[in-house]
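A short write-up of the structure that comes next.
Protein chains: 4
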Amino acid sequence: MNSRVSSPKLRSILQQAAKLIYLKGYEGTSMQDIADACGMTKAGLYHHIATKEALLLSIMHFGMDLFEELVLDPVQDITDPLARLKQTMARNVELVTNDTTKEVTIILHEHSTLTGDAQKAINARKKVYVRFLETAFEQAMASGQIRKVNSTLAAFSFLGTVLWMYKWYRSDGALTPQQLADGIGDLFFKGLEPTP
Amino acid sequence: MNSRVSSPKLRSILQQAAKLIYLKGYEGTSMQDIADACGMTKAGLYHHIATKEALLLSIMHFGMDLFEELVLDPVQDITDPLARLKQTMARNVELVTNDTTKEVTIILHEHSTLTGDAQKAINARKKVYVRFLETAFEQAMASGQIRKVNSTLAAFSFLGTVLWMYKWYRSDGALTPQQLADGIGDLFFKGLEPTP
Amino acid sequence: MNSRVSSPKLRSILQQAAKLIYLKGYEGTSMQDIADACGMTKAGLYHHIATKEALLLSIMHFGMDLFEELVLDPVQDITDPLARLKQTMARNVELVTNDTTKEVTIILHEHSTLTGDAQKAINARKKVYVRFLETAFEQAMASGQIRKVNSTLAAFSFLGTVLWMYKWYRSDGALTPQQLADGIGDLFFKGLEPTP
Amino acid sequence: MNSRVSSPKLRSILQQAAKLIYLKGYEGTSMQDIADACGMTKAGLYHHIATKEALLLSIMHFGMDLFEELVLDPVQDITDPLARLKQTMARNVELVTNDTTKEVTIILHEHSTLTGDAQKAINARKKVYVRFLETAFEQAMASGQIRKVNSTLAAFSFLGTVLWMYKWYRSDGALTPQQLADGIGDLFFKGLEPTP
DNA sequence: TATGAATGAGGGTTCATTCAT
DNA sequence: TATGAATGAACCCTCATTCAT
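If you read the sequences in order, they're chains A, B, C and D. Going by our numbering, the residue at position 182 of the first sequence is 182; the numbering climbs one at a time, nothing skipped. Each number in our numbering corresponds to the 1-based position in the second sequence with 1000 added. Each number in our numbering corresponds to the 1-based position in the third sequence with 2000 added. Each number in our numbering corresponds to the 1-based position in the fourth sequence with 3000 added.
Put into structure tokens, the structure is as follows:
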């Protein structure tokens, strides 16, 4: 669970900040809040980051790193496209529901806070994921593992099903993460089975 | 498209504010912004609303009114549970993608901004929708129209697929709203068909 | 002594701010200082001005207005060029030494604080004064009232002699403003008399 | 062009700082700016200077050293008072217009930044220059080289003409420094010639 | 000497809100 | 109803300075 952030101090700042922004939103989180959470002063915080927006950008890249490390990378080598998709969903569900990693969903709700190049950079990384899914769907169609559908629609449907969960999933609820992942996967992939 | 807001002045304020908050977020939208958009002064605005949070609450209730009026109410009388679900999805997709109504999605992203009773009130109304879906799924299972699944999971999967769209759908994109609704419905409901 | 500033409130703010900036410099004067001097809060101050730089610009225009009103305008109709120059110097000395008007010299020392269009606007107004002097010198040469010299150099020499005074002149010193103006005028204009 | 600053390191710091303060003002120049210009860290800078104000004082003394070395010292031995004054003006003009020495004018515009003893010390050194000029004027009057005028006024008129130049002189302008010095000198000293 | 990290104080600015008119 | 003016609190950020290493 280690991504490309150099200093451990900075890393801990990113994690504290991510937690707060996850809970209260970017505009709703002040630099004072973040400094308090890190046990430093505001001025001390600015020794490690340039601006609040740069901090958000770092968090997003950090979240993207984490996502790629825990979801995309371990799945790249699965040659069977359908198996790859199922594994991806399972891992993504785990990421979004696990208390220690769910803050990565900041990537999702603060979608229009960044501006300019920063926004472009993050959007580019998100697009990679969408393309990854589309490709897998197309391969699965080509091999006859799933029926013919619009791959873009399939990708966004996949994402909606998985990413929406952070709005309602509670770790103390009735379903275990495993049941959750299985149930969601069953619902989603059954709809794609080839018609006899 | 008329919901339960008394004065037309207030109604127009809610709509302007909803548009802004949809675009820039609650914290990112100032009372000055809203006053400007309404062509009034800040002090003038305060003759119609009590506080900013009360304004948000009103908008959310307004959005919920709209949602119930355009999605839930017209569908209540459909006795066939599966037909009811399909109609619900079609109408919900329309609501979320139509430029004149998509602001209701504020209900979704400002989920943790309200506090106390206000938050409870809105959450209660959301829960009604979830229950409505669960019930429909259960009825459809009972009548054998769909296979046996966890109705809660089905409801949230339905919601995720539909509500997530506002993150990526662009009205100037390749798909018409109709194609979108059809495609999403096909993907989702195919997975629920009873196994032979 | 009335120039083109609309509201009397704003006018008093400009005067208080001018006094402070005159004494401590632009960067050395905080908005808090200015608010205190005006008997308001910082936030109250911002009801009347947009930014600190805009405030400085207003002060400079205000100073320029005052300058034109008290120095340039009353002198425009003097047809004799040499008499016009002498009157100009007398009035300018008065402006710079009088305790109630000397703050206009902010125009001078904060010459590089403004940026962009604001700077251009002020520089343009200064240039008008330089041109006014050059023209008068040229006319006086043409009519034989003074000897032939470089009119630009004469203008800047005139300005240096007069404007520099704010660095050393103290109203409680040995010389009365009148003696000062006479002495400076004598020194400067004697050097321009035509050689016999 | 060597003045009484001990370490070469310190000397280079003073020069870099002088350049910055000349361009942006004392309050407008941060210790970080200075450290950057010197290629050191802020903390490193503090091994050479005690405080920012002490740095300014050093720069002013450094500027005064330079001034005395390049203007006053070479002129002290000229016994003819009028020749001495003319030489002084020529050298002072050169100092103020030359790109490598014009930063000494900081001495002039940051006149009220220093406080207490530091301010007194610098003012005392400035006063020496004024006294030097006054004395020369008095001697020239006594010897009949110039007509009778108020020596203090003459000194400040001299200074105004010369020192004001940094506000408008551009080294890429129409006049060479030599023409400038000659022109200014002509204007100024012609006014002092004894009346026949 | 040099530095990375830290800090208290203060910078300019914006905020939601109030109130006399 | 409507508004211009005001405010206290908070905003993001920068400052000169210190100190352990």
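Yeah, the Cβ is synthetic: ideal placement off N, Cα and C, and Gly gets one too. The model shown is predicted, which means the values in this text are computed figures rather than measured ones.
Where does residue i sit, in a helix, a strand or coil, going by DSSP?
i, result
"A/LEU180", "helix"
"B/TRP1168", "coil"
"B/GLY1173", "coil"
"A/LEU202", "Past the edges of chain A, shown from 1 to 196, lies residue 202 of chain A, and the structure says nothing about it."
"D/MET3001", "Only weak support exists for where D/MET3001 lies, its pLDDT of 42 falling under 50; the coordinates are left without a value."
"B/GLY1185", "helix"
"C/VAL2149", "coil"
"D/GLU3198", "Because chain D here runs from 3001 to 3196, residue 3198 of chain D falls outside it and cannot be looked at."
"C/GLY2028", "coil"
"D/PRO3008", "helix"
"B/SER1157", "helix"
"A/LEU192", "coil"
Could you round the C-beta distance between residue i and residue j to whole angstroms and report it? I think they count as a contact, below 8 Å.
i, j, result
"C/LEU2187", "C/ALA2155", "Not really, about 16 Å apart at Cβ, beyond 8 Å."
"C/GLY2063", "C/ILE2106", "6 Å"
"B/PRO1081", "B/SER1143", "6 Å"
"A/PHE158", "A/MET89", "7 Å"
"B/LEU1180", "B/VAL1093", "6 Å"
Can you list, in chain order, the residues of its chain whose CB lies under 7 Å from that of residue i, leaving out five sequence neighbours each side?
i, result
"D/GLN3032", "LYS3042"
"D/LEU3020", "THR3029, ASP3033, ILE3034, ALA3037"
"D/ALA3017", "ILE3034, LEU3055, ILE3059"
"B/LEU1108", "LEU1163"
"B/PHE1189", "LYS1086"
Give every residue of the same chain whose Cβ lies closer than 6 Å to the Cβ of residue i, excluding the five residues on either side of it in the sequence, and list them in chain order.
i, result
"A/ILE146", "ALA140, LEU192"
"B/GLN1125", "Looking at the sequence itself, residue 1125 of chain B is Arg, so the reference to Gln does not match. Excluding positions up to five away in sequence, the list reads MET1064."
"C/PHE2067", "VAL2104"
"B/TYR1169", "THR1097"
"A/LEU175", "none"
If you measure from the CB of residue i, is any heavy atom of the ligand ZN nearer than 7 Å?
i, result
"A/VAL104", "Of ligands this structure carries none, so the ligand ZN is not represented either."
Are the beta-carbon atoms of residue i and residue j separated by less than 8 Å?
i, j, result
"A/MET60", "A/ILE13", "no"
"D/ARG3091", "D/VAL3075", "yes"
"C/ALA2118", "C/GLU2053", "yes"
"A/LEU163", "B/TRP1164", "yes"
"D/HIS3047", "D/LEU3010", "no"
"A/ASP73", "A/SER171", "no"
"A/GLY25", "B/GLY1185", "no"
"A/GLY160", "B/GLY1183", "no"
Which same chain residues, not among the five before or five after residue i, have their C-beta less than 8 Å away from its C-beta?
i, result
"A/LYS102", "TYR22, LEU95, VAL96, TYR166"
"D/ILE3078", "ARG3084, GLN3087"
"C/LEU2114", "GLU2053, LEU2056, LEU2057, MET2060, ILE2122"
"B/GLN1178", "none"
Alpha helix (DSSP H) runs contained entirely in the segment 39–120 of chain A, provided each spans 4 or more residues:
42–45, 52–67, 81–97, 106–109
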